[in-house]
Structures are given as C-alpha cells and as structure tokens.
Amino acid sequence: MIQNAWLIPVFPLIAFLILLFIGRFLKEKSSYVGITALALSFILSVMVLFERIGGETYTYVIDWITFGELTISMGYEVTPLNAMMLIVVTLVSLVVHIFSREYMHDDKRIHIFFAYLGLFSFSMLGLILAPNVLQLFIFWELVGLMSYLLVGFWYFKPEAAAAAKKAFLTTRIGDVGLLIGLVILFNQTGSFDYADIYAAVEGGMINETLITTIALLIFMGAVGKSAQFPLHVWLPDAMEGPTPVSALIHAATMVAAGVYLVGVMYPLFLASSTAMTVVAYTGAITAFFAATMALVMTDIKRVLAYSTISQLGFMILALGTAGYVAGLFHLMTHAFFKALLFLGAGSVIYAVHHRQDIRDMGGLWGKMKITSITFLIGALAISGVFPLAGFWSKEEILASALLNGDGFLFTIALVTAFMTAFYMFRLFFKTFTGEYRGGDHDDAHANDPGVDAYGAADVAEADNPRDDSMDEETHVSPAEDHDHHDSPKENSGFMTFPLIVLASMAVVAGFVNLPFLGYPLEGFLTEGINVGSQPHGELWLAFVSLAVAGAGIALAWAMYYKGSISEDYFASKAPGVHKLLINKYYLDEVYTAVFVRPTVAIGRFFWEMDKSIVDGIVNLIGRSTSSTGRTAGRRHNGQLQTYGLVSILGGIVVIALAFVLRGYFG
Amino acid sequence: MVPITLFLALAAILFCIGLYGVLTRRHLVIVLASIEIMLNSVNINLVAFSAIGPFANISGQVFSLFIITVAAAEAAVGLAILIALYRNRNSIDVIKHDLLRW
Amino acid sequence: MTAQMTFFIILALIAIVSSVLVMALRTISHRVVSMAFSFFAIAGLYFLLGAEFIGIIQIMVYVGAITILFVFGMMMTEHRNIGFGPDPRKIQQVVSFLGVATLLGIMLYGIFSMDLPTTPQPYVGSVEAIGLELYGHYFIAFLGSAFLLTSALIGAVVIARKEADE
Amino acid sequence: MMLNILTWLVFLPLIGAIIIMTIPKENVNVIRSLAAITSGIALVISLVLWAGFERGATGLQYATTAEWFNIGFLQINYEIGLDGLSLPLIVLTTIVTTLAIFASFSIEKRVKEFYLWTLVLLTGMLGVFVALDMFLFFLFFELTLIPMFFLIGIWGGKMKEYASFKFLLYTGLGSAIMFMTFIAMFYKAYEAMNMQETTFSMIRMAEIFADPANPDVLTGAVKGALFLALFVAFAIKLPVFPFHTWLPNAHVEAPTAASMILAGVLLKMGGYGLIRVGVGILPDQAARFASLIALLGVINIIYGALLALVQTDLKSLVAYSSISHMGIVLLGIASFTTAGMQGAIFQLVSHGFISALLFFMVGAIYERTKTRTISELGGLSKSVPILAGFTLAAAMASVGLPGLSGFVSELLAFIGIFGASAEILPAATVFGVIAGLGIILTAAYLLWAVQRTTFGPMKEKFVGLADARPMEYVPMIGLLALSIVIGVYPHILSDVINTTVIDIVSKIGG
Amino acid sequence: MTAFDANWSLLTPEMVLAALALLVFTIDFMTGIHGKKPFIGKLSVLSLLVTAVLVLFMNNSGGQIADLYLIDSFAMVFKLIILVGVAMVIMISLHYLDRNEEIYQGEYYSILLFATLGAMIMVSSADLITLFIGLEILSISSYALVGFKKHHRHSTEAALKYVILGGAASAFILYGMSFLYGLTGSTSLLEIGQVMPTLFADYTVIMTISLIFMLVGFGFKISIVPFHMWAPDVYEGAPTPVTAFLSVVSKIAGFAIVLRVFTFGFLGVHEEWVMIIAVLAAVTMVLGNIIALTQKNTKRLMAYSGIAQAGYLLVPVAALPFIGTFSINMILFYSIAYLMMTLGAFAVISLVTEDAGTNDLSSFAGLFQRAPYLAISMTVFLVSLAGLPLTAGFIGKAHIFFGAAAADMLWLAIIMIVMSVVSFFYYFGFIKQMFMTAPKANDEELKVPTSLNAVITVALAVTLILGILPNIVLDVFNTFNWFALF
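Chains as they are written, first to last, in the numbering used here: chain R, 1 to 666; chain G, 667 to 768; chain P, 769 to 934; chain D, 935 to 1444; chain S, 1445 to 1930.
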C-alpha cells in the first residue's frame, strides 16, 4: 500500500477537479464529494502509517527538469515523519470537511468552498509527501495560495480581501528567504533531495557560515508560514476566513508547515549553533508575545489565533533547543486540540448567529452540551493538564528548553504556559458560563479597539456573511438569518461529530509518546535521521508544568467565573500595557509606516520620475527634434533672396570647410 | 598685354556685383539683369582664358557663345514668367512674392 | 602703362561702375540703360582681347537683344517710377553684403595667388576656327542649344501669352 | 531545399494574409475563420516541429540555406534553422497568435485589415525566430514594426496615435542600432578573416569571432563596443530600463489581441536576440558585461515592480509588470550558468503565456466594464466570477506561484544567479537578494490589484455583466493550461532547450 | 578620333526623341491652341518608350563620340531610368491636365520631351559645354514647366523663384567651369581629369573655389542642403506632375552629372572633396528629415523628403573613391527605387490632392476607405521611402549603408540610419491619415483613372519585386563596367 501513497493527495485533487467543473450543479451535495475523498485519503493514510511502522522509507521520483548536467526530480516519499503527518492532516481535514457541511450549508458558493478545501488538502498532503525540499516549497506555496483563497473566501468583505492579501504577502516575505536559502543550498549540494542534503551537511561539504546563512534563510520561510515574530501579523487577520478554514489551515495544518520544514531540515539546523539559537529565541519570543496578546482579545477566533501563534512558538522553541521530537510531537497534539477549539468556536459562532465577540456570549454551557464539553477538553489539553495530549507534549518542550541550559528560555516557556492556561480559561468562562449576553445589542462593541485594528465594526457578526449585492430578493441580513431572539442551541451531528472525534484525539494523542512506554513516537521519528539525542524531563518538571497550568486556570476562574477579582483589574492597574496589548504592540501600524507607505511612496516617486525624466527625455528628444524642424522650416520664409543668401553663405562655409580640411587655417 | 589676372579679377568683381544684386535688389527686372551680369562675368573669364590664358585656344570663345545663347533663352523665359507673375499679382517687388513658404 | 592697359582700366571701370549703377540707381529705365553700358564695355574688353567675333555677338545679343528684352519686360510690368518704400530687410542687405564681400575676397585671393604668365600676344581666334569647333567638336551642344532655344521659345510664349478672354 | 517545413511555417501566414486580402470585407466570419485556420495550421506545423525535434542533438535542425541576393561582395543568404532556443519561441508565437486571433473575434471594426496585419505580424515574428542570417534576422525584426503600428494605431485606445508612433520610432531606433551593429560586425569579421571571407551567417560569425584569422582586428574594445550596441538594440525591444517608456504607452493603447502579441511575443524577440546574437556571437563580451546586464536586470525587476505598484490603470500595471518580469530574463542571462540561461528562456516562454493571459483578462474586463481604472473597478468576482477567477489565476501565475510556469523560470534564474561564478558576476548574491525583494513586490502589486478589482463589494454599475463567452474560454483555458503544464512538468520544455543551453554556456566556459 | 569621323549613329535615340518632340509640337500646332489633347500625351509616352527601346538596343554595345559624348552603360542605365521616369510623369500628367485645362497641353508635353532630351544629353556628356547645354535644356524647360499654370499665383511665383535661383546657380557652375577650362585649355572632362592632380597642386585655392562653385550649382540642381531652399517652394507651387518630374528626373539627372564630373574630373583629387560631400550628405539628411517632420503640405513634405533622399544618394558619392563600382551600383539601384517609389507616391498625391482641391495632408484622410488599392500602394511607397524591409527602398538603403561602412564612413551611415528612423514619423504620418483618420467631407469612392492606375501598378510592382529579389537588377549591374575607369 505504501507504493500507492501518492493516491493520498490525489483523492482531494480529484474532488477539487470534480467540484471545479460540475460543482455548481451539485450545490450543497458538493460536501459529500470532499468528505468521500478525504475519507479515502484518511483510510489510506492509516494503512500507509501502519505499513511504514516497521517498514522502510519508500521513495519514488521522476525527472522534473534538466539543466546542464543537473536534474531536479519530483515524486513522493514516505518517511516516519510524514507518515505521522499524513494522519494528522487527513484526519483534521476530514473532520473539517464534515463540520463545514453544516457550517457552510447556506452559502451559495459552498461548492467552491469544498473545491478549495480539496485543493488545500491536496497541497498540504503533497507538501508532506515531498521527497525533496523543492517539491516541499512548491506545495508550500500552493497551501499559501489556498490560504489566500480561503481567507478571502468572502471576498466581498473588504476586510477579508485585505486579510487574504496580507496573509499571502507576509508569508511571501518568508518564502523568498526560503527560496533563496534553498537555491544556495542547491548550488552547494547539487540536489534538493533530503538525503543528499543531509549527507552534504554531515559530510561537511558546506562551510559553517554558509550553513548558518542557509539555515536562517530557510527559517525565514518557517517564520512566515508559522506566523512567528515578526511575521506573525497575518494570522490574526486571517481569521476573516470561515471558521472551518481557520481550524484546518490556520491552526492545525498549514501554519504547522513551518515547524515541519524546520523538522525536515533539522540536520542543517543542528549543524549551526547560531541558527539553533535564533530559532529558539524566535520561538520563545513569539510564544510569549502572542500569549500576552491573547490575554486581552475579545474576539473568540482571535484569542485562538494568538494562542495558535503562541503554541507554534512553543514548537519552534522546542526545535531550537534540540527538542526535535518534542516540537513535532507538540505539532501533532496541537493540531488536534487546536482544531477542536476552533471547531468548537465555530459551533458557538454558528449557534449565536455569527457573533464572535466573547462579551456577547456566555451561559452556553447548558445550551450546547457537546460543544461545551469538547471545548473544555480542548482548553484543558492546551493548558497542559494531565493526562491530556497537551500535557505530554508541552512537558517535553519545557524539558528541552530547560535542558538546553538557557534559563531565560525556560522561564519564558513557563510564563507562557501559565498565560496559556489563563487566557484559554478566560475564553472558556466568558463563553460558556454566566448569562447569555447576545441578542439585544448589535454593535455593542463596534468601536472597541480590541476588535480589529482595521476598525471593522461588523467583525463580531461577520463570519459567514452574505454579500449585500447578491440576489436582492433572497437577501437576508446575517442577524436576521435565524430568529433574532432565538436562544443558542446545540448544532446538528455534522458539527458535533467532528468535535467528539477531535476531543477524543486530544485525549489520547499524547499517549503515543508516553515515557512509560519508552517514547515510542521518538523512536519512530528519529529513525533514519540524525537529529541528536532527545531531551527528556524529570518527573518534577511535570509537576511544575501542571502547577503553572493550574495557577492559570485558577486565576481565570477567579476573575471570570467567580468574579472575586475584577475583570478590569489588570487593565486598570496598567492601562498602558493593556492598550499596547489590545493594539497588538502597534506592529501593524509600524509595518505600515515602515514598509508599506515608504514602498508606495518610492513607487510614486519613481513613477513621477519615469514620466518626467525617463520618458521626459524621450519626449523631449522627440519634441525638440520636431521643433528644431519647425524652426528650421520657418527659415523658408518665401523670400527667394533669403534662399539665395542661405545658399551663398552655405557655399562660403563649404569653402571654409575645404580650407580647414586642407589645413589652411592651421 | 594686360595680365590675365586683371581680367579674372574684373570678372570676379562683376560676378559679385551681380550676385549682390540677385540677393538684395527688390525690382525683379533688376534681379534678372543681375543674373545677366553674372553670366557676363563668366564670359569675361572664358574669353580672357581663350585669348591670353596659359592654354589659349578657341574653345573658350565657343563656350562663351553658348553662354550668351543660354543667357538669352533664360532672360526670355525669366521675363515671360515675370510678366505672367505681374499679371497675377500686379507687383514686381521681390518681397511681395512669398505666398509659398514654410 | 601701355595703351592696352589704359583701355582695359577705362573699360573695366565703365563695366564696374555701370554694373554698380544698375544696382544703385532708382529709375528702372536708367538702370536698364546702365546695364547696356556695362555690356557694351564688356564687348570692348573682348575687342581688347582680340575676340572680335565674340565682341560683336556680345553687342548684338546683349546690348541689342537682351537689353531690348529687358526694356520690354520693364514696359510690360511696372514701368511707372514708383519706389517700393523702405526696405524692411536690413539684415538681408547687410549679411548679403558681408557674404558677397567675403566671397569676393576669397575669389580675388584665389585669382591673385595664381602665378600665371603674361602672354605678350593674345591668341586670336578666327571666325572659321569658331565655326569649325561649333559644327565639329561641339556639334551636340550646338544641336542642343537649338532645342534649348525652341523650348525656351515655346515656354516663354506660352507663359507670357495674354489670353484672348482676359 | 528552400521550401522546407520552416519556410512553409514562416510564409504560410503571409499566404493566408494574401487570401484574406481577396475576400470582400463584408464577409467577416469568413475572414475570421480564415485567420484562425491559417494561424491554426501554423500552430500545427510548429507542434509537428516540436514533436519531430530531436532532443539532445547539438546543432541546428531543419536548417536550410539558399542564396538570396548579393550586394557587391556581400552575399545575403536565406538561412534558417531551428534549435532548442528558437523552437520554444516559435511554438509560443504560434500559440499566442492563434489565441490572440480567437480573443479578437469580438472586434467588429475593420475586421479584414485586423487579421491581415495580425498574420503579417505572425510571419515577421516567426521569421525572427528562425532566421540565422543576420540580415534576414534584421529584416524580419523590422517587418514586425509595421503591422504592430497599424494594430495599435487603428484599433487602439484614446492615445493611439501617440502610442503607435512612439512604438514605431522607439523600437525602430532599436532596430536601426541593431542594423548598424550588424554591419559593423560584418566588416570586423571580414577584416578579421583578412578580407578573405564575407558572411552574415550567425553561425559562421560566431566561429569567426571565436577564432579569427587575424585576432588583432577583434580587440576587446571593438568587441565590447559591438556587444554594448547590440545590447542597447535589444534592450529597447525587451525593454530594459531606461529604454522602456514606449512599452506602457503601447500596451495601454493597443487592442487586446495586439497587447497579447506584443507582450507575449514581440518583447521576446529582444530577449531572443540578446541570447542568439549577443551571447551567441560575443560570449566573452557578454560575460564581461555580465554585471551590467545583471544590474539592469535587477533595476528592471525592482523599478518595474515599484511602478506597477502605484499604477492606477490596470493595463499599465500589467505593462509595468512585463518590464519587471523581463528583468528575470536579463538576470538569467547574466548568470551564465545553464540554470540561469535556461531560466531566461523559460521566462521568455512563460511570460509569453502569462502576460498574454493577463492582457486578455484586462481586455475582457474592459470590454464589459468600459473602464480600466483600478479604483473604479471592484467586486468583479461577484459580477463576472469566471473572468475574475481567471484573472486571479493569471495574477498568481505572474506572481510566480509554483505549479505555474513563472515559478520555474524564477527558480532557474535564482539557481543561476546564486550559482554564477565569481569571476563573471562578482556581486551575484547581492543581485539575487534584491531580485528576491522584487518577487515580494510582484506579489504585492498583483495581489493589491486583484484585491481592488475582483474583490470587495460589487459595484452597482457592474450588475448583470455577461460572464465569459464560449469563444473567450479558448484563450483563457489555453494559456492557463500551458502555464500549468510548464509549471507542473517543465521537463517538457527543458529537454528541448537543454542541449542548446549547454552549448551556449560552454562558450563562456561556465 | 575627332568629332567628324565619329559614329554619329550612337546619337540615334537622342535624335529620334528630338524629332518626336518636334512632331508632338507640330501636331499640337495643327490641332488648335486650347482643349484637351490626351492623344498628344499618349504619343509622348510612345515617343519615350521608342527612345527607351532605342537606347536599349542601339547603345548597349557602348561607344563614344570624340571624348565629349560617352555612350557607356552608366549613361545607358541613367537614360533608361530617365525615360521611364518621364513616361510615368506623363502618365500622371494625363490625369492632371484633364483636371487643369488652362495648361497648354501640346506645349506642355513637347517641353517635357525637350527637357528629357536635355537630361539625356547631360548624362552622356563628358564635356563641359555639352554637359552645360544639356543641363540648361533641362533647367530652362523646367522653369517654363513650373510656371505653366500661369493663372495660378503659386505656379508663377514658384517659376520665378526657380528661374532666378536656377539662373544664379547656373552662373556658379559656369564660373567654376571657366577656371577648369582656363587652366587646362580643354573642356573635356577626361582631359581635365588627367591633369587635375597637378592642377590642384599648382592652383589650390582657385581650384577649390572652382570645385565648390560647381558643387554649389550642382547642389542647387539636386537640392542638397544648404542649396535646397528653393525646392519646397517650387515643388509646392508647380503643377503636381512637374513636381514629380523635378523631384525625380531632374534630381537623378543631376546626380548623373555630379557623378560624371566628380569621377571624371575630380577623382584624382578625391581627398579634397570626399569629406565635403560627406558633410553635405549628413547635413542634407538631417535637415531634410527634420524639417519634414512638421510639414502638413503633401508636396512640401515630398520636397523635404526628396531633399533627405538626395542626402542618402550623396553618401555613395562620398564613398565613391573608396569603393568604386560598388558605389555606382548603389546610386543606380537607389535611383531606380527612388524613381519608382517617388513617382508612385506622386501619382497618388496628384490624384488625391486634385480630388480634394488642397495639398494639405488632410486630403489623405480616410483614403483607405475611399480607395483601398490606392492607400495600400501609397503605403508601400512610403514604407519604401522610409526604408523598411521588403521594399526596394530598404534594399537600396541597406546597400548604401554597406557602402558607407565599407568606405570607413560609419558615422555617415549612422546618421543615415538614425535619420531614416526619424523619417518614419512623417512617412507614417501620411499612413496615419490614410488608415487611421476618418474621411473628411468627401468620402465617396475615389475613381482611379487607367493611366494613374498603370503608373501606380508599375511602381508598386517594381518597388516590391526589387525589395524581394533585388538581384534581378543587381546582377545586371554587376556585369557593367560603368565608366571603364575603375
């Protein structure tokens, strides 16, 4: 079955093609095409994984391009790492497909949505199966494209269009670094194949500076894709996309590709301590800053988005501190519980008529039992509560940060872990406990800067909007979609089933690398790749981790459930910090001022220059030629004696010329 | 005998007088007359060369005969044109005839 | 100073002065007459050079025919004695003068820089010699001038012809 | 044999034009179909050539030589042939022209003339790509001026006269410089062979310049001057900053089909000429000026992109994007590696398809909305979703998204530039990095344009616009599919190009 | 060999033409003064063709009458060009005179024939006097022809300007010639040429003056800058076929004598004048083209275009001492090309401007809609004049370009080609009017008379055929030994 692994991405591709061409006739039934394809892929992935465990790495390639003596090939490869990733991606994708069946059912372009999802799944799976880093890059870009398309799915919302562009462009910056890194690497090794690259690095064929350069350039790609500081700004905005998309792309799979990239290029990073340090610090800083911002966000999806960034930071931190398995393990577990959280949020949003502001929610516990419980599981998992998945992976990350010997990194990791627990439960308590606050104030928080730097007043009710200009007769405003005062209630099985699946994964996924069982995942992943020895924490670390998580949960409980500490306590204590956080450290503004505006200004300047100088010279030559002609033509004044005179003077000049040529005048 | 150079110099002077006339006189008849003077100066040259030049022979005189013929023909055509023009425009002032320009 | 030189100077002065007068006089008839004087003086120079035949032709054609032609031209156009008013083209005048003077300077410089021997006795061409050349060596030119005259004649007649209906 | 398949290919469109000439202008449908058939046959022939082309074989294929005329001791030959450099461009030419003819079926104004000129243009372009005699090359190069002048001047926009004359004079000047250089090269070669041999054949010329009987004639200064002159000549066509200003005018004013051909093929003649004549005959000089070429390439990339970023007219945005993309060609050439050179050729082909598609989309949008001003557009995804979708796809191809042809050329060019030898291109890395910035800018301006035109709320006035007509699918799908084919499986192109590229690069010893 | 025992039968074509010209004139005399006489025009064309056939068959073996009249291949080709050119001019005239009845038709044709005779004498003569007489026949006939629309103010004014300036130019030529004669005692160019080097060494200044005075005069006749000022005015004022005659036949004949004089007389001292000619060629090309840029009057525009073309033709003259026969080939080939494209263009211009009643460029507006064949032909002529490929003009220019480069005058070649590009502007301005501008008031179809159609078709065919297969002519040229000098 492992030879047929190429079918895994092909199923979604077929789904995409079917939907592209006949989707418009299928309408809502489009979802079943996608679901079927993903189901097949998932089954195949499981089979491939089981075959791979205990099997060999399988590679199949064909020539892709030849230049000179060099050939780049393309194909697919099943390694332990990508066998694991296949499961994660196909599973999450499958459940997201199922979830979307309900969530998107009244969108007129549902077939396009599923087509996009299919193409995304294809790209992501292709990325994973890539036998060389160039193919990875190709699919890496494709997933970027799909992210762009899906974020901009509701293109008629200006915010969505802007967010899509921002997402693409920001990651593009990283991608260019990645591409350059890859090209330099290629010119050193003559190949893009992982095996050749590993061999070249380990064989010392590349000098150290160059390795560092290459590694850092490649890491730029990861920074962009995995929304690491300072290129993280796109991810929160990407929440303009439909929630299932956020779950699939911006939580579980695509954003993790950066981590995956560092994973597959790990020998290269290991060969450069500078690069490792940079990676570690980037991860740590990202984890910390994202977590601080997550503390104050009021949009349910944005909280989750910052949480995602923060968790990705954790993974990067792990990789940067030699915790190869830790990072990838967390990648897997995170995929499940973050997808769970997002889908839970989606379920909530759907139930409360497309509101996203947590201040408009509350008291959903009783009304949406399954959603609430699964969401709680997710929250506990991400907080690292024993024995859920997050506990195991986070503990390993803390271990690798600690054992790396840099106390600062470890401290940050701990603080972040604390904040993680706090903001997750802040979210949980605000959403599911207390009284339901929705339904009677449409724009209560319209002018709240916490909503969006873009000032989009309708974000809170923006998810799954309808374009006003479409089909005037069937027009229904989002708020009137369901009866306005109808209180939220649990959604159908299409939405709850995925939650249950993911919740169970969030519970059990951590067990694949149980210390008691001798870290089976570690054994699996480190097979055939030299990533150094993996750090393992001692028992006390697990308790510290648990304690930190507990403290965070307790504080959230005190503030948002019990109310013993005022919700505004910290905000009022340090208003400046609060404002800073609410405005996301003003990074968007800074980027606009430092990069966007000057670029446009330079462009304008060049344009003016182009018109006035470059083209101006051209036109000037033309005009001066013709005006010279006109002036000279005016000498033909109709006076024959003038003509004669000109001729005579010309004759004299010619005589003079003759004398000069003869040398009469010296 | 008079040195040939003097004849040539006289011819040059007459040529330039004629040329000056062509370039500055406003009466068209005089302009045509000036051309005749120029052609005459050429004749002086030719006859002088023919008579006392370094290679004196008869060809110069024949040449001058032809020039006289041509000058006559040219004067005839020139004056005919002048008359036609005068009929059309009622002026023989050179300056007035600048309809064709630019 | 030989008699020839004296004659030459007198004739040359007449030629030059009358030519200048053609330019300078105000009355058109005076100018045409002055032109005739100039031609006459030039004919005299031909006699001086021993080219009698050319001299006679010069008198016949230039002084006789062409001058008369000019008189006709003058009469048929603007023979009334009106001036053209002040010349608006001062620059033209000045530049023309300078240009022509320069040209004259160059020409005279060229002429006087020639080192030509002074022939003591002029070559005297007989009419027969002229005839032989004309009907022999230059026969094509002779034929050509016939057509030239025909063409000029036709052209002049056509252009100068006054239409009956005018 | 003079009448070989290449000759037929080149002159077939002319025959078609002559047949069209005889048809009364009222029979527009006959004329349209005749034009389509003619170009279609040319396309088929070119595909036959493609199929029959022997991959991996060095040297020319389908070559033929016939004496044409001689001026004194100068023999001008009809010498044509095919190699891995010209074949892709020939196929590009026939494809783009055929699709442009399909794209112009909506033209109602003076249909007969339109197709007449288009077919004449096709002959000129094909001739440029097959000609191996420098005189013949120039002749065909010049021949393309007139039809394009008419296409812009008659069917163009508001400023058509300015644009057509600017095109004519500017590129005419380029041709003139080229011709002068050719003559100079000819005489230098003549001198270098001790006045024993005269030739206009590019092949022979290259040999002479590589191995002259009298090397004193061909000093470095002489060859350098020749190369620079050639470079300027082709730079105008390509176009290279600062000789680019005719392009935006011409593009903006030209009708859609003409824009497609202009961007798709005509610019390529500059790149082709630079490789064929500049690098082919004067490889050492090309290498000597590699830094200059690369610098201009980088300037083109950045400058074009920055200007595209601030354009207010969609079509001129695409035009500036062409300038930007042509920088990649220069960069690829300047690297003097197989990868870079192949990247340059890939970019020529790929940009041919992509820019033609972009111009087609802009034209289709303009036809419906009657505006090209970006700020007046918006929400087209709603009113004309299929057009908007293809526009987006074209933009993505232009951005260099993997899986589409643009990526391959950029990748190869980057591999080339970062792999360039330090002797030829000391500052290669700097150029490469700056070019990388250009890629970001490319994404920026294209996505921004897409955001402002196809995204956003639908404007009232665009309600009820007709989406793509069946006939419009032909160029849209055709061009996009080709871009995808090359992007997904570039081997199809690289195995044709590779041998020739190795040959070219080997002359520099790189 | 003297003139008396020469083979005068060599003169048959000239004599036949003269006789036929007189016959034409006589017939005209007998058929009254006024009225349309197209048969006379046709007879004239016939006369010219008969003469051309005679030239082709009587003169092809070559020969000479003494040393004053040479029947060499150079003269033969020029005569053929001139005869065909005049025949085409008369064909154009047929239509023109049909529209302008005040022109005396019989006289018009006979004077044209006389002028042709003059041109024929010019190109054959190797003697100062014969040459001068030929030149004057041509010139004086031209003066008259220009003024033939005698009730038309422009025509007479043009004739006046032409006659005065032309007369002065003749005086310059003669003054220059007088020194050639005086210092050699001969009027034969061959003899003069033999002693020229010593002559120049002895009398440098006066010979330079002589040379340049002749150059001024000839420069006037072939209208090169700065002696070109008359051309636009005269071209504008003259009846259109006469303009065509001036710009083609006069100019080509003028080039013939320039070549004759400079090769026979001054080749030995070429270092004295090559640079001057080259500079004049450059100035002529630049100024002619630049002034033409803003012209709006078709005939004036053609005048400036003709000036520019004269500049191109002057380039091979400058290159002549270095490349010899090659240069003559170039001039003759370009002359043929120039003849065809210019006369073709004038045929169209004559028809269109007469129809519109104005010489303004706008009379060409929308010509394509009105008469497609006319517009396409005109386009070919203009494209050929501009020197774009597949036309005779292109080959001719390329030819000249090669020659200039071969003579190490690359700078001149560069000016030439750059100016060609500049010329695109005004030539294509014409094309723009025809194709891209809507017709003005008058937009009905334009009928093309048979005679004009014939001219246009011939010109079109030759322009294209020579553009594609130039060797038809070049191969013939290559077999000629032009003057038996090189």
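Ideal Cβ placement from N, Cα and C applies to all residues, glycine included. The structure presented is a predicted model; accordingly, all values stated were derived computationally and were not measured.
Minimum C-alpha distance to residue i - residue among the options
i	options	result
residue 122 of chain R	R/108, R/104, R/29, R/141	R/141
residue 1179 of chain D	D/1190, D/1098, D/1163	D/1098
residue 170 of chain R	R/388, R/236, R/544, R/650	R/236
residue 1500 of chain S	S/1479, S/1525, S/1785	S/1525
residue 1615 of chain S	S/1579, S/1597, S/1809	S/1579
Within chain S, partners of residue i - CB distance below 7 angstroms
i	result
residue 743 of chain G	1584, 1587, 1588, 1607
residue 755 of chain G	1597
Residue i versus residue j - alpha carbon distance
i	j	result
residue 616 of chain R	residue 1172 of chain D	20 angstroms
residue 1599 of chain S	residue 669 of chain G	47 angstroms
residue 1924 of chain S	residue 1911 of chain S	21 angstroms
residue 303 of chain R	residue 250 of chain R	13 angstroms
residue 1471 of chain S	residue 1689 of chain S	23 angstroms
residue 774 of chain G	residue 899 of chain P	Look at the range of chain G in this structure, 667 to 768, and you will see that residue 774 of chain G is not part of it.
residue 468 of chain R	residue 350 of chain R	With a pLDDT of 45 at residue 468 of chain R, under the threshold of 50, the modelled position of that residue is not reliable, and the figure given next carries that caveat. Taking the straight line joining both Cα atoms gives about 20 angstroms.
Test item: CB-CB of residue i and residue j under 8 angstroms
i	j	result
residue 1851 of chain S	residue 1767 of chain S	yes
residue 1678 of chain S	residue 1602 of chain S	yes
residue 1819 of chain S	residue 1879 of chain S	yes
residue 44 of chain R	residue 94 of chain R	no
residue 285 of chain R	residue 229 of chain R	yes
residue 1693 of chain S	residue 1590 of chain S	no
residue 1462 of chain D	residue 1295 of chain D	Since the first and last residues shown for chain D are 935 and 1444, residue 1462 of chain D lies out of range.
Listed by chain order, chain R residues near residue i by CB distance under 7 angstroms
i	result
residue 1770 of chain S	What residue 1770 of chain S touches in chain R: nothing, since even the nearest Cβ is about 24 angstroms away.
residue 1671 of chain S	647, 650
Within chain G, partners of residue i - CB distance below 7 angstroms
i	result
residue 1697 of chain S	What residue 1697 of chain S touches in chain G: nothing, since even the nearest Cβ is about 17 angstroms away.
residue 818 of chain P	717
As assigned by DSSP and simplified to three states, the class of residue i
i	result
residue 1150 of chain D	coil
residue 471 of chain R	Confidence in residue 471 of chain R is poor, its pLDDT being 41 and thus under 50, which makes the residue's placement unreliable; the coordinate value appears in the next sentence. The answer is coil: DSSP assigns residue 471 of chain R none of H, G, I, E or B.
residue 1002 of chain D	strand
Neighbouring residues, chain S, relative to residue i (Cβ below 9 angstroms)
i	result
residue 698 of chain G	1607, 1608, 1611
Per-residue contacts from residue i into chain G (C-beta, under 9 angstroms)
i	result
residue 1578 of chain S	Result: empty, since nearest Cβ-Cβ is about 11 angstroms, beyond 9 angstroms.
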